[in-house]
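Q: The sequence shown begins at 60 in the numbering used here and counts up one residue at a time.
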Amino acid sequence: SIDKQILKDFEYLLIDGGSTDSTLEIAKKYAPLFDKIISGKDKGLYDAMNKGLKLASGKYVWFINAGDEIAESDALQKIKQLDSSDPDVIFGETNLIDINGFVLGSRSELTPHKIPEILDWRNFNKGMLVCHQSFIVKRAIAPTYMDNNLSADIDWEINCLKKSKLNLKFSGILANYLIGGISVQQHRKSHIDRYFVLKKHFGFISNIKSHFSILLRNF
Numbered sequence: 060s061i062d063k064q065i066l067k068d069f070e071y072l073l074i075d076g077g078s079t080d081s082t083l084e085i086a087k088k089y090a091p092l093f094d095k096i097i098s099g100k101d102k103g104l105y106d107a108m109n110k111g112l113k114l115a116s117g118k119y120v121w122f123i124n125a126g127d128e129i130a131e132s133d134a135l136q137k138i139k140q141l142d143s144s145d146p147d148v149i150f151g152e153t154n155l156i157d158i159n160g161f162v163l164g165s166r167s168e169l170t171p172h173k174i175p176e177i178l179d180w181r182n183f184n185k186g187m188l189v190c191h192q193s194f195i196v197k198r199a200i201a202p203t204y205m206d207n208n209l210s211a212d213i214d215w216e217i218n219c220l221k222k223s224k225l226n227l228k229f230s231g232i233l234a235n236y237l238i239g240g241i242s243v244q245q246h247r248k249s250h251i252d253r254y255f256v257l258k259k260h261f262g263f264i265s266n267i268k269s270h271f272s273i274l275l276r277n278f
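1) Near F237, what residues of its chain come up, given a Cβ to Cβ distance below 6 Å and the 5 sequence neighbours on each side ignored?
2) Secondary structure at F194, three-state DSSP: helix, strand or coil?
3) Tell me where the beta strand (DSSP E) around T153 begins and ends.
4) For the structure I just gave you, are there three or more beta carbon pairs, one from the segment 245-254 and one from the segment 202-213, closer than 8 Å?
5) What does the alpha-carbon distance come out to for the pair E131 and K185?
6) For a test of the three-state rule: what should DSSP assign to N159, helix, strand or coil?
7) Mind checking T79: buried by the 16 CB within 10 Å criterion, or exposed?
8) Near W121, what residues of its chain come up, given a Cβ to Cβ distance below 7 Å and the 5 sequence neighbours on each side ignored?
9) In the DSSP assignment, find the beta strand (DSSP E) that holds L73 and state where it starts and stops.
10) Can you name the residues that DSSP bridges to E128?
11) So what does DSSP say about S96, is it helix, strand or coil?
12) Using the Cα positions of S272 and P171, report the straight-line distance between them to the nearest angstrom.
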């Protein structure tokens with residue numbers, strides 16, 4: 060069970076894109092747990108996340124999307140302990156889960172992206188290294204997400220890490236990530252968007268080399 064004081068130390072915002080299913084009915088049942096529940100049409104996932112960023116008032120921001128969840132029951136306690144060192148970024152491992160909530164394995168086990176002990180923005184030269192569900196950042200250095208780009212979370216994390224002075228690794232699994240999201244559904248656009256994000260941060264030549272390496276790895 061989670062200590063009630065720990066729960067009070069965190070702010071909980073629910074940003075809904077104007078759902079027409081039972082999402083809001085479920086949310087209303089748990090309304091006392093939320094500081095704010097916002098529902099209305101938006102321009103997509105990252106627009107909704109920008110809304111949440113503007114509404115947030117806490118020291119850190121942590122984005123958990125629909126279908127995802129905090130992996131460990133004592134995660135908030137562990138985060139509080141890490142906060143005592145005043146890091147700019149807290150990052151960790153992610154479990155990949157299917158539609159039934161079954162854990163398929165960690166992202167480090169199932170993909171070529173291995174979570175390092177020391178995180179640097181240059182580690183992202185071949186794409187998303189840490190899922191944004193397992194990436195917690197100080198609100199003071201968190202920029203808004205770019206619009207109309209399915210790799211906006213890569214760009215966002217790199218921008219955060221460029222400003223960060225201290226990154227600490229979470230001991231354990233931070234989040235469970237439901238596979239099959241927008242980037243998977245729009246696979247081709249996701250790859251194109253990733254190319255332009257990495258070109259922005261690493262330059263043309265370095266980006267071409269990285270994507271050639273990615274193609275060889277996939278082959």
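Glycine residues also receive a C-beta, built at the ideal position from the N, C-alpha and C atoms.
A: Well, looking at it:
1) The question names Phe, but residue 237 is Leu in the sequence shown. Same-chain partners within the cutoff: G126, D127 and I156.
2) strand
3) That run of the beta strand (DSSP E) goes V148 to I156.
4) yes
5) 28 Å
6) coil
7) T79 should be labelled exposed.
8) I195
9) L72 to D75
10) Paired residues: N235.
11) Contrary to the premise, residue 96 reads as Ile rather than Ser in this sequence. If DSSP states are grouped into helix, strand and coil, I96 belongs with the strands.
12) 12 Å
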